[in-house]
Amino acid sequence: MTTAVIVVAAGSGTRLGHSEPKAFVPLGGDTILGVALDAVLGMREPPHVVLVVPAERVDEARERYAAVAAAASAPFDVVPGGETRQGSVSRGLAVLPRLIDTVLVHDAARPLTPPAVFEEVAAAVRARGRGVVPALAVVDTVKRVDPSGRVLETVDRSELAAMQTPQGFPRGALDWAYSHADEEYTDDAALVASTGLEVDVVHGDTRAFKITLPADLHRAEQLVAEREG
Ligand code: C5P
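The C-terminal residue of the sequence shown carries number 246 in our numbering, and the numbering is unbroken.
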């Protein structure tokens, strides 16, 4: 087994309006993180899993999820996150064993991403030898707007795509990009592309939406209930 999935779950998620860090908010009888982990462990070949959680939740996450990973025969680690998402990914990367050659980075905040998406991204990284990111076409009309709220122009949406996770990379490329990044990026594809490495997109999945607002959590609850009902 040479694929690792780093699940970043160390954000506070203030827009969700919960006192808990977002990944620890209840979902479907578990937590957002627990549901995300189940999807990762649904891969046919169990990957090496690293959970990146708030420092004060490391012990709890280990106690809660180590047995779940062991039952799926997935090597498992939990590490404390950083100030930013990028800092959190970097801490996950730091603990990967040498034998890992393909790394997928996944937002815990996208818990309903189907296992098939992880498999497709991992297979595409191996086949193409470059970064691979699931993405959806942008369906809304998109406009550039100035800080005062004035519309400046309409952007050609046929050239746009909305990025999801898991984002996959050859391990060497991701390590190299992280060791050379000199600013903060909102996703790994941007960070890797900034260092001149190539990244492709594959079709994303509407179920890989990110839980940000209370309405997103409500939608996730409904989907979990439908899945289990
Ligand atoms: O804040 P946002 O929803 O964009 O975060 C995306 C993912 O990155 C979430 O799963 C969140 O837990 C994670 N994150 C992290 N460490 C941070 C900030 C965000 O692991 N410092």
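No residue lacks a Cβ here, since even glycine has one placed at the ideal position from N, Cα and C. What you are looking at is a predicted structure, and each value in this text was computed from that prediction instead of being measured.
Problem - Cβ-heavy atom distance, SER107 to the ligand C5P, below 7 Å - result: no
Exercise for the section: Grab me the residues of ALA89's own chain with a C-beta within less than 7 Å of its C-beta, minus the 5 sequence neighbours each way, in chain order. Expected result: LEU58 and PRO63
Exercise for the section: Give me whichever residues DSSP pairs with GLY99 in a beta bridge. Expected result: Beta-bridge pairing links GLY99 to no other residue.
Exercise for the section: Compute the Euclidean distance between the alpha carbons of ALA91 and VAL134, then round it to the nearest angstrom. Expected result: 18 Å
Exercise for the section: Can you grab the Cα-Cα spacing for the pair GLY45 / ALA237, in whole Å? Expected result: 9 Å
Practice task
Using a threshold of 8 Å, state whether the C-beta atoms of ALA56 and PRO151 are closer than that.
Solution key: no
Practice task
Please name the residue or residues paired with ALA152 in a DSSP beta bridge.
Solution key: MET180 and HIS220
Problem - The beta strand (DSSP E) enclosing ARG161, as first and last residue numbers - result: DSSP places ARG161 inside the beta strand (DSSP E), whose first and last residues are 159-162.
Handout entry: Residue span of the alpha helix (DSSP H) that contains ALA87, given as start and end
Key = 75-88
Problem - Proximity test, ARG102 beta-carbon vs the ligand C5P heavy atom, cut-off 7 Å - result: Indeed, a heavy atom of the ligand C5P lies less than 7 Å from the Cβ.
Problem - Through-space distance from ALA87 to GLY99, alpha-carbon basis - result: 26 Å
Exercise for the section: Go ahead and pull the three-state DSSP assignment for GLU201. Expected result: coil
Exercise for the section: Could you check if ALA232 is buried or exposed, using at least 16 other CB atoms within 10 Å of its CB as the buried criterion? Expected result: It is exposed - the Cβ of ALA232 has fewer than 16 other Cβ atoms within 10 Å.
Exercise for the section: Specify the secondary structure class of PRO187 as computed by DSSP and reduced to three states. Expected result: strand
Exercise for the section: Starting from the Cα of ASP199, find the closest Cα among VAL22, VAL155, GLY189 and SER211 and give me that residue. Expected result: In terms of Cα proximity to ASP199, the closest of VAL22, VAL155, GLY189 and SER211 is SER211.
Exercise for the section: Give the range of the beta strand (DSSP E) segment to which HIS65 is assigned. Expected result: 65-70 is the extent of the beta strand (DSSP E) around HIS65.
Problem - Assumed close pair ALA125, ALA194 - CB separation to whole angstroms, cut-off 8 Å - result: The pair is not a contact, with the Cβ atoms about 22 Å apart (cut-off 8 Å).
Exercise for the section: Could you say which of PRO187, VAL142, LEU230 and VAL24 lies nearest to ASP94 if we only look at CA atoms? Expected result: Ranking PRO187, VAL142, LEU230 and VAL24 by Cα distance to ASP94 puts VAL24 first.
Practice task
State whether the stretch 164-172 contacts the stretch 75-86, with contact taken as three or more CB pairs (one from each stretch) at a distance under 8 Å.
Solution key: no
Practice task
Decide if GLY7 is buried, meaning its Cβ has at least 16 other Cβ atoms within 10 Å, or exposed.
Solution key: Look at the range of the chain in this structure, 18 to 246, and you will see that residue 7 is not part of it.
Handout entry: Integer Cβ distance of THR182 from ARG127, believed to fall under 8 Å
Key = 6 Å
Exercise for the section: Could you pull out every unbroken beta strand (DSSP E) segment of at least 3 residues lying fully inside the stretch 20-62, listed in chain order? Expected result: 20-25
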